[in-house]
Amino acid sequence: MTGMDHSSEDVGEASDCDIEEYEEKAYEELKGGKHQINLPNNAFTCPYCSTNASRDYQYKELLQHATMVGKTDSKKRSKRERGSHLALAKYLEKDLTEAVRQSQPKCDVDCLTNHDGDEMFVWPWKVIVANLPTRSMGGLKFGQSDSEIRKYLATKGFNPKQVHSLWSLLNQSDSTFAVIDFGKDWLGFYNAMRFEKAYEVDHHGKEDWISENGSKSGIYGWVARGDDYTSINVYGRHLRNSADVMTLSDIMADENSKRYKLKENLTKISEARKRKYEEMERNYMETKNTLSKLIAEKDQIYQSHNEDMRKMNVLDLENAKLKTELESQLCKMHALAQENGKLKEEITFQQKELEQRAKERDERESQMEKYLKEKEEELEDLEALNQSLVVKERKSNDELVDARKVLISGLSEYSSRELIGVKRMGELDEKPFIAAAKRKGSSREDEENAIKLASLWQKHLEDPSWHPFKVITVDGQIKGIIDEEDEKIRSLKDGFDEDVYNTVVTALNELSGVKNIFNGDGDGGGGYGRSNGDRGRRLKKRGVWIRGLKKLPVYGNIGVKMVVEYKFKPFYNTLIRWHYNETKSKDTALKLCLRWQVLLRDPNWCPFKVIYGNDIPRVH
292 MTGMDHSSED
302 VGEASDCDIE
312 EYEEKAYEEL
322 KGGKHQINLP
332 NNAFTCPYCS
342 TNASRDYQYK
352 ELLQHATMVG
362 KTDSKKRSKR
372 ERGSHLALAK
382 YLEKDLTEAV
392 RQSQPKCDVD
402 CLTNHDGDEM
412 FVWPWKVIVA
422 NLPTRSMGGL
432 KFGQSDSEIR
442 KYLATKGFNP
452 KQVHSLWSLL
462 NQSDSTFAVI
472 DFGKDWLGFY
482 NAMRFEKAYE
492 VDHHGKEDWI
502 SENGSKSGIY
512 GWVARGDDYT
522 SINVYGRHLR
532 NSADVMTLSD
542 IMADENSKRY
552 KLKENLTKIS
562 EARKRKYEEM
572 ERNYMETKNT
582 LSKLIAEKDQ
592 IYQSHNEDMR
602 KMNVLDLENA
612 KLKTELESQL
622 CKMHALAQEN
632 GKLKEEITFQ
642 QKELEQRAKE
652 RDERESQMEK
662 YLKEKEEELE
672 DLEALNQSLV
682 VKERKSNDEL
692 VDARKVLISG
702 LSEYSSRELI
712 GVKRMGELDE
722 KPFIAAAKRK
732 GSSREDEENA
742 IKLASLWQKH
752 LEDPSWHPFK
762 VITVDGQIKG
772 IIDEEDEKIR
782 SLKDGFDEDV
792 YNTVVTALNE
802 LSGVKNIFNG
812 DGDGGGGYGR
822 SNGDRGRRLK
832 KRGVWIRGLK
842 KLPVYGNIGV
852 KMVVEYKFKP
862 FYNTLIRWHY
872 NETKSKDTAL
882 KLCLRWQVLL
892 RDPNWCPFKV
902 IYGNDIPRVH
């Protein structure tokens, strides 16, 4: 119900119902829950004020509002309004919970219970103190200082904010006043009202001061109101200069308005801070997410960096290893370059040498072709000679018959059981060398080495400067024996088997005997120690068969086929076995074949010797 509704109903209801009836009726409605006064966050509202004037109250504020409106004597408030507010105050004090009623000190409510909401008060709350004591000094009167007055009031439990001493000269008599400031809050109002009641009880209130009952004694005090504010005396001027005059309702409304504005400002500030907080929270979350991403990226980058560093370290190690290998290879390449330079020089030298050899070979081939041509001509001559020799052979057969007769007659003294044969003296048998090689190893290379070794010792035997014999005397007889201190004989004996050694020694003895026979200073067998009689007998017999041999043809032997020409193939096969190349083997084989043919035709070469078997000489 609005205020205008209240005003329109006052005329008809003033005569029917009084304030108590409105109070009881409104109280029952509040208890029945018809009106809602509770708001969220421990706030309250007045259900009897107009919608425009209604606002949020705290418990103590709503109780003060209901008490002042209900007890006011102002004609602005209707009886129904006053009764409803009294019912609200009663409901707040009796029916709300103890916890809510204790949310505000009781003194803030009690101080307003006996005051009309439209009563004028000086605000900030002021108390006027009159008839302060004075003291005389040097013909002058002095009042108490502000600090002394404040200390005095503090001992009474009033706790003023400030004290202002005032002086006034009235009808030739001095009166001392002071204005006490209790601040703007309701606690100051409560202290000011207590101060006033205390002095009223002591009959030193405002009414007692303004009464004209004789002289005044003691201090008088009261709360400054509207009439004090408009007075023309000294404290009136002070009040007008330092304060305002307002009703309690105006003060409460102003305070409520300030609180409402403060609340709105605080709400706006709270909302702004909330928005700022939300924005900060969003920024924080964004920053947190960004930071998390950055940390993750940093960790990833750090891991990548570590991995890259590890790979770089591995690469550094590999590079160092490769560098070392490269340096080693460079050194090898440098050495190879030097070696290549040397090889190049050697190749150049060998190339020149090969060119020289090729030139020499061409010359030899040219000479060989010329030689072969000459030999072909000689061969033609030999064929012609062969024809003539066939004719001559017939003549030789007749001579052979005569020579045979001479030999038979010369050798008739010897036993017919012995065989007479011809053997080439000083020729080595290869079989002991091959057998010795097989005992050491059975490879083809060992056999070839054995054949080469036999050929080497055959060359040693054919060397005319090598004569490994020495002459010794045994029982007065001179003998020729092998000199075992000879270097070649000693190496032969130490390095080869006994069979090889005996074969070489036998060949040496054979060659030594042949030389002695044909030189006329030997005995045919290499023996030097026979008696003169035996030696003479042997020489006689030797002369017989030597004369017989001299009658033989130059190119024939008894019981032996005449050899006219060597075959080329055996020489060639032997050289191939000695690992000569084909061209060189052909050249060398041809030379050897021709050389031996020439040697066979030499009439001064007779490689034979006479040996004895059972005192019967044999030609080998």
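Quick note: the sequence shown uses my numbering, first residue 292, plus one each step.
Built from N, CA and C at the ideal position, the CB exists for glycine as well.
Just so we're clear, the structure is a prediction, and the values are computed from it rather than from any experiment.
Cβ neighbours of residue i in the same chain (closer than 7 Å, five flanking residues each side left out)
i    : result
N450 : N482
G850 : Because G850 sits at a pLDDT of 36, beneath the cut-off of 50, its placement in the model cannot be relied upon, and the point is left open.
Pair within 8 Å by beta-carbon distance, residue i and residue j
i    : j    : result
V762 : G771 : yes
E739 : R648 : no
L799 : Y792 : no
E487 : G512 : yes
Y382 : L321 : yes
W748 : V682 : no
Y339 : E372 : yes
P759 : D777 : yes
L530 : A515 : yes
L719 : A745 : yes
A728 : D737 : yes
L676 : G717 : no
I310 : K370 : yes
Outcome for residue i when other beta-carbon atoms lying within 10 angstroms are tallied against a minimum of 16
i    : result
Q355 : buried
M576 : exposed
D519 : buried
F480 : buried
C622 : exposed
G323 : exposed
Y863 : buried
F468 : buried
E319 : exposed
S876 : buried
L891 : exposed
V454 : buried
T874 : exposed
T358 : buried
R838 : The predicted position of R838 is uncertain, since its pLDDT is 43 and thus under 50; a value taken from the coordinates is nonetheless stated next. Classification of R838: exposed, given that the 10 Å Cβ count is below 16.
M600 : exposed
R368 : buried
Y526 : buried
R441 : buried
V360 : buried
L923 : Given that the chain is displayed from residue 292 to residue 911, the structure contains no residue 923 and the question cannot be resolved.
F640 : exposed
M624 : exposed
N895 : exposed
I471 : buried
L444 : buried
M571 : exposed
Cβ neighbours of residue i in the same chain (closer than 8 Å, five flanking residues each side left out)
i    : result
I510 : V420, A421, N422, L423, P424, Y490, H495
L275 : The shown model of the chain, from 292 to 911, leaves out residue 275, and the question about it has no answer.
D437 : Q453, V454, H455, S456, A469
E312 : G374
P723 : D788, D790, V791, N793, T794
Cβ-based neighbour list, residue i, same chain, cut-off 6 Å, excluding 5 preceding and 5 following
i    : result
L353 : F335
R828 : In this prediction, R828 scores a pLDDT of 44, lower than 50, which makes its location untrustworthy; the coordinate-derived value is nonetheless stated afterwards. So no residue of the chain qualifies.
E314 : G374, L377, A378
Heavy atom of the ligand ADP within 7 Å of residue i beta-carbon
i    : result
K488 : This structure does not include the ligand ADP; it has no bound ligands of any sort.
I'd like to know if the segment 410 to 428 and the segment 518 to 537 are in contact, where contact means that at least 3 CB-CB pairs between them fall below 8 Å.
yes
What ranges does the alpha helix (DSSP H) occupy inside the segment 497 to 569, keeping only unbroken runs of at least 4 residues that lie completely in it?
Taking only runs of at least 4 residues, the alpha helix (DSSP H) segments lying wholly in the segment 497 to 569 are 497 to 501, 517 to 521, 525 to 533.
Using 8 Å as the Cβ pair cut-off and three pairs as the minimum, do the segment 557 to 566 and the segment 373 to 385 touch?
no
I'd like the ranges of any beta strand (DSSP E) spanning at least 3 consecutive residues and lying wholly in the segment 729 to 785.
Taken in chain order, the complete beta strand (DSSP E) segments of 3 residues or longer contained in the segment 729 to 785 are 760 to 765, 768 to 773.
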